[in-house]
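Q: Quick note on numbering: this note's numbering labels position 34 of the sequence shown as 35, and the sequence is numbered without any gaps. C-beta atoms are modelled at their ideal positions from N, C-alpha and C, and glycine is treated no differently. Just so we're clear, the structure is a prediction, and the values are computed from it rather than from any experiment. Below you will find the structure I want to go over with you.
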Amino acid sequence: MAYDIDDNGTVDLGGNDVPVPGTISPEAQSYIAQDLWGTDTSAAPMAMWETRQVTALAFDALNQQAQAMFPVTIEETKIDGVRCHRVSPLQVTAENRDKVLINFHGGGFVIGSGSLVEAIPIAHLTGIEVIAVDYRLAPEHPYPAAVDDAIAVYRDTLKTRSPADIAIYGSSAGGFITGQLLARAGKEGLPMPACAGVFSAGGDLIDFGDTSHIFTLNGFFGHLLFPLDHELSEVRAYLGGADPRDPLISPVLSDLSGFPPVLLMSGTRDAILSATSNFHRALRRAGVDADLMVFDAMPHTHWYALHLPETNEALGVMAEFFTRHLCPE
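Right under this line is the structure:
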């Protein structure tokens with residue numbers, strides 16, 4: 002489906018006008034008022050994994066923009082056979098030398114290899130090295146390949162660092178993988194990291210909830226998410242026949258009581274807001290120290306848009322959370 006949106010970004014929602022709100026920054030107002038992806042909703046939709054050539058260029062441009070704004074050093078490496086990038090601050094204090102963050106990039110489980118737009122700012126702002134994991138992608142490598150890669154890097158990192166010195170995080174698909182890693186670590190008896198960040202993501206691959214039927218990954222622009230039974234569904238490609246009711250795939254169905262502190266983040270025009278909120282509530286019910294921050298009118302993973310004041314705020318909150326738990330006073 003496609004919404005009727007005028008040149009000012011006002012959306013006709015069932016006869017009711019939804020304008021661009023005045024509660025967000027001028028930059029954000031311009032950002033959400035236009036279809037930055039240039040989606041042709043009259044054309045037949047295509048599988049996200051078929052866009053890799055184009056999206057790789059977009060992610061590379063984001064990497065370059067992030068590195069210009071947040072200077073770091075980047076080294077490609079392999080950890081237990083998994084391709085990774087070590088993203089390091091230009092200067093690392095003695096206090097931070099043994100600490101590390103592990104990032105799982107977004108991209109619908111099917112794109113995003115080499116994306117460092119989540120790792121670069123956090124390494125710079127925290128002064129802590131980030132290991133960005135290039136987990137294997139669906140549909141060529143369905144579940145549990147990505148989680149196998151994630152847990153392999155985490156397990157290897159535990160050989161040289163205390164779990165109290167490790168934090169994990171991810172956005173979108175990477176946020177779902179973050180929750181799946183924690184569930185898997187609990188089952189395998191691995192110690193939990195100091196904290197985790199789950200951004201524009203949740204803990205349930207069965208049902209993303211209400212907002213997934215209202216918003217797209219670009220607010221009101223483009224196509225709604227494909228249902229799980231659709232041949233172009235990224236989640237279906239990721240599952241590869243695995244049962245989403247498996248507690249290791251949908252951690253909301255697992256015992257969450259052993260999870261570390263979790264920061265969750267989303268926006269009110271994010272298709273995954275309901276899933277993020279539902280995971281937050283499940284964590285709280287299990288007694289986990291979990292915080293949820295929601296940005297007015299922001300779409301999915303708005304912190305990729307590095308020019309927004311809302312992005313500066315989001316990155317600052319993420320960095321403060323990681324620093325507080327990795328460097329307690």
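Starting from Pro90, trace the beta strand (DSSP E) in both directions and tell me its first and last residue.
A: Val83 to Pro90
Q: For Leu58, is the beta carbon positioned less than 6 Å from some heavy atom of the ligand MG?
A: For the structure depicted, the ligand MG is absent and the ligand set is empty, with no information on it obtainable.
Q: Quick one, are the C-beta atoms of Gln65 and Ile121 less than 7 Å apart?
A: no
Q: If I follow the unbroken beta strand (DSSP E) through Ala197, where does it start and stop?
A: Cys196 to Phe200
Q: Where does Ile273 fall in DSSP's three states?
A: coil
Q: I'd like to check one pair, Ala184 with Ser255: are the Cβ atoms closer than 7 Å?
A: Contact annotation: Ser255 and Ala184 have beta-carbon atoms nearer than 7 Å.
Q: Looking only at DSSP bridge pairs, what is Asn219 linked to?
A: DSSP lists Phe222 as the beta-bridge partner residues of Asn219.
Q: In angstroms with no decimal places, state the Cα-to-Cα distance between Asn97 and Asp166.
A: Cα to Cα, Asn97 sits roughly 9 Å from Asp166.
Q: Shorter than 7 Å from the beta carbon of Phe280 to some beta carbon of chain C?
A: This model lacks chain C altogether, as it is built from one protein chain only.
Q: Should Asp150 be labelled buried (16 or more other beta-carbon atoms within 10 Å of its own) or exposed?
A: buried
Q: State the CB to CB distance for the pair Ala276 and Gly210, rounded to an integer number of angstroms; the pair is presumed to be in contact (CB under 8 Å).
A: 5 Å
Q: Which residue or residues does DSSP assign as beta-bridge partners of Gly268?
A: Phe296
Q: Can at least three beta-carbon pairs, one atom from the stretch 103-112 and one from the stretch 128-138, be found at a separation below 8 Å?
A: Output reads yes: the stretch 128-138 touches the stretch 103-112.
Q: Between Ser201, Ala3 and Val101, which lies nearest to Trp304 when the distance is taken from Cα to Cα?
A: Ser201
Q: So what does DSSP say about Lys79, is it helix, strand or coil?
A: strand
Q: Could you say which of Asp99, His125, Ala315 and Ser116 lies nearest to Gln92 if we only look at CA atoms?
A: Nearest C-alpha to Gln92: His125.
Q: Excluding the 5 residues preceding and the 5 following Glu76 in the sequence, name in chain order all residues of the same chain whose CB lies nearer than 6 Å to its CB.
A: So the list reads Arg87, once near-sequence residues are dropped.
Q: To the nearest angstrom, how far is the alpha carbon of Asp61 from that of Phe110?
A: 18 Å
Q: Label His231 either buried or exposed according to how many other C-beta atoms from any shown protein chain fall within 10 Å of its C-beta, with 16 as the threshold for buried.
A: exposed
Q: Please list the terminal residues of the continuous alpha helix (DSSP H) segment that includes Asn64.
A: Arg53 to Met70
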